[in-house]
Amino acid sequence: MTETQAPAISISNLTKFYGSPKGRRMKALENVTLTVGRGEFVSIIGPSGCGKTTMLKMVGGILGWDEGSIEVLGKPVTGPGPERATVFQSFALLPWMTVIDNVSFGLKVRGMAKPERYAVARKLLASVGLADFETSYPRQLSGGMQQRVGLARALAVSPQLLLMDEPFSAIDAQTRLILQTDLLDIWSKTDLSVLFITHAMDEAVFLSDKVVIMGARPGHVTDIIDVDLPRPRTEETRRDPRFVELTGFVWDRLRGMIQQDERAA
Amino acid sequence: MAADKVKGGAERPRWSLDRLVETGLGRTLVRIAALLALIGAWQLAGNDTIGLLFPTFGRTLVAFWGLVSDGTLQVALLVTNQTLLAGIIVMLVVGIPVGIMTARVSVLDRIVTPYITFLVAIPVIALIPVIQAILGLTFAARVTVVVLFGIPYVIINTAVAVRRVDPVLTEMATSFGASRLVILRDVVLPAAVPGIMAGIRIALGQALIGMVVAELTIVGAGIGSLIADLQGRFRVAPVLAIAVTIVLEGVLLMTIVEWIERRLGRWSQS
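If you're matching them up, the sequences are chains S and L in order. Letter by letter, the first sequence follows residues 1 to 265 in the numbering used here. Letter by letter, the second sequence follows residues 1001 to 1270 in the numbering used here.
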């Protein structure tokens, strides 16, 4: 397979242990195998403690693992890389910087001069609908707007792969639906591949080409569901019987796991 | 009846102290009134007839003018503040980097922290004979006392502020490929500024105390020797005038720090 044809992410037999204080090793992930194709939107959903965020950090190159391999665009992951960018659950904006400085932070780290990085940042702020807020500070914005800044910051470094760690879970339910359609809108205009972590069934189904369901203790993949809903997805999609059916299926799988877990506890 | 009172919350009395302090002018008026009351009480409590008794405000003011008009106070203040300024500079230039390094390098934490805890736990005054034995009655000795009074608070607060930086922010910077140095400069330090400034504020108060203590115990210069001299001649009013001057300097110092804090940390106040 040549490099250009390699999938965006290729995870095989990934295993991770966590060391406990008494030297007993806890298995966090066991034999996870998963592929994200070029331009594909893949969501991972699972109960808390299934290691989905841990896995995203490994793909991001900020956390190591014990066995198996992760390749991004055909190259083994050894650390963070310019082709990947992350959007964080708690936004992770720098509160002392204005919106435009936050958006251009990644470019600054990569050594781009101020006028150039501001020009890029302005374009992205416009694309997420925040053109009028470049001199605002994060605390002056609502949660939804702060995450738009987080998204613009990730997109500013022109990544090929977007890693999103429960990006909308700290945002109110209505704003969340709007952010979902806006995200799809931005994504459809690019050739970005997305790995999206969530715990909301409807969000996973609405956004994705593929939903990966994970179980806990240790984290493992239980199901991979192909979402055959047509694109572009709109508000109509949410009322589509197939959408309801798929969401229901995901819930059934998760509910079984969570109930089993609670009985065991 | 209780319910009536609760409802009454909407229409408060037209005139009350609470309402007065809601406006800027009101607050200023209240402050001036309190100050005048204090001065009035001082004037009434003091005694003008016998020099050894607690002097009135008026006599203190006259004594103050006496010290200022022949330049004694200005010279003493100049000498004393050289010690304070040198002490503050050493305190910050050494304290902040040490604080940052103790937070980031665990070996250093083990080496430095016990001594800092020791400095906070014991009265620094107890160390003055040791300092005097090593450095003598010198400027360096006085500066050392000032530094020892203040530096533990700079180090401890800096270390705590650096440790408390949200790990998600450093994770974010790492994900964009930032080096440790860039993370320190662009993420950790700016995030720690409010905590560091809080430490500096406490340390300056302590340094001011250290300054006076140094000059009263390691006799030889400035305000301290002036106080000792006047005390020896039982001149209570000028001593009191100097004490008030030191208090005013403390207040001025705190005001400056608070102003800097507000400028640097505007983002941290929501």
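Even glycine gets a Cβ: it sits at the ideal position worked out from N, Cα and C.
- Within chain L, the residues whose beta carbon sits less than 7 Å from that of Gly106/S are Phe1176, listed in sequence order.
- DSSP, read as helix, strand or coil, puts Ala1045/L in helix.
- For Leu1078/L, same chain residues with a beta-carbon under 7 Å away, outside a window of 5 residues either side, do not exist.
- For the stretch 57–91 of chain S, the residues whose beta carbon sits under 9 Å from a beta carbon of chain L are, in order, Lys57, Gly60, Gly61, Ile62, Gly79, Pro80, Gly81, Pro82, Arg84, Ala85, Thr86, Phe88, Gln89, Ser90 and Phe91.
- Taking all protein chains shown into account, Ser1106/L has fewer than 16 neighbouring C-beta atoms within 10 Å of its C-beta and is therefore exposed.
- Close CB contacts of Pro159/S within its chain, under the 8 Å cut and outside five residues either way in sequence, are with Pro82, Glu83, Arg84, Ala85 and Leu192 (chain order).
- Within 10 angstroms of the beta-carbon of Phe1118/L lie fewer than 16 other beta-carbons, which makes it exposed.
- Counting every other CB atom within 10 Å of its CB across the protein chains shown gives Lys16/S a total of 16 or more, marking it as buried.
- Looking only at Thr1174/L, Asp1186/L, Pro1194/L and Val1251/L, the smallest Cα-Cα distance to Phe88/S is reached by Thr1174/L.
- Under the DSSP assignment, Met1091/L falls in the alpha helix (DSSP H) whose first and last residues are Thr1072 to Arg1104.
- In the structure shown, Ser1179/L adopts coil according to DSSP, grouped into three states.
- Against chain L, the CB of Val109/S has a partner CB under 8 Å away; the residue lies at that interface.
- Between Leu151/S and the set Met1172/L, Ile1089/L, Ala1161/L and Thr1056/L, the nearest pair of CA atoms involves Met1172/L.
- Comparing alpha-carbon positions, the option among Ala154/S, Arg117/S, Ala204/S and His199/S lying closest to Thr53/S turns out to be His199/S.
- In terms of beta-carbon proximity, Val1257/L stays away from the interface with chain S, with every pair separated by 8 Å or more.
- At the C-beta level, Asp185/S and Thr247/S stay beyond 8 Å of one another.
- DSSP places Ile1202/L in the uninterrupted alpha helix (DSSP H) bounded by Leu1189 to Thr1217.
- 8 Å or more divides the Cβ of Ile1128/L from the Cβ of Ile1196/L.
- At least one CB of chain S lies nearer than 8 Å to the CB of Leu1169/L.
- Counting only residues of its own chain and dropping the five nearest sequence neighbours on each side, Leu1029/L has a CB closer than 8 Å to the CB of Leu1020.
- With a threshold of 8 Å between beta carbons, Val1187/L makes contact with chain S.
- Contact check for Phe196/S against Arg233/S fails: the beta carbons are separated by 8 Å or more.
- About 7 Å separates the beta carbon of Arg122/S from that of Glu134/S, a gap short enough to meet the 8 Å contact definition.
- Burial is judged here by how many other beta carbons sit within 10 angstroms of a residue's own beta carbon; Leu93/S has at least 16 and is buried.
- Separation of Glu1261/L and Ser1179/L (C-alpha to C-alpha, rounded to the nearest whole angstrom) is 28 Å.
- Setting aside the 5 residues that flank it on each side, Ala1086/L is surrounded in the same chain by Phe1139, Val1143 and Val1146, each with a C-beta closer than 8 Å to its C-beta; the list follows chain order.
- Of Arg1110/L, Gly1210/L, Leu1189/L and Leu1036/L, the smallest CA-CA separation from Val1124/L is found for Gly1210/L.
- In the three-state scheme derived from DSSP, where H, G and I count as helix and E and B as strand, Phe206/S is classed as helix.
- For Val157/S, the C-beta contacts it makes with chain L under 8 Å involve Phe1176, in order along the chain.
- Secondary-structure assignment with DSSP links Phe17/S through a beta bridge to Lys27/S.
- The distance from the Cβ of Ile45/S to that of Ile171/S is about 17 Å, inconsistent with a contact at the 8 Å cut-off.
- By the neighbour-count definition (other C-beta atoms within 10 Å, threshold 16), Thr1170/L is a buried residue.
- Taking the beta carbon of Ala1198/L as reference, no residue of chain S falls within 9 Å; the closest one sits roughly 16 Å away.
- DSSP places Asp1166/L outside any beta strand (DSSP E), giving it a letter other than H or E.
- In the three-state reduction of the DSSP assignment, Arg84/S falls in the strand class, which pools E and B.
- For Gly1224/L, the closest of Asn1157/L, Ser1016/L, Ala1191/L and Ala1243/L by C-alpha to C-alpha distance is Ala1243/L.
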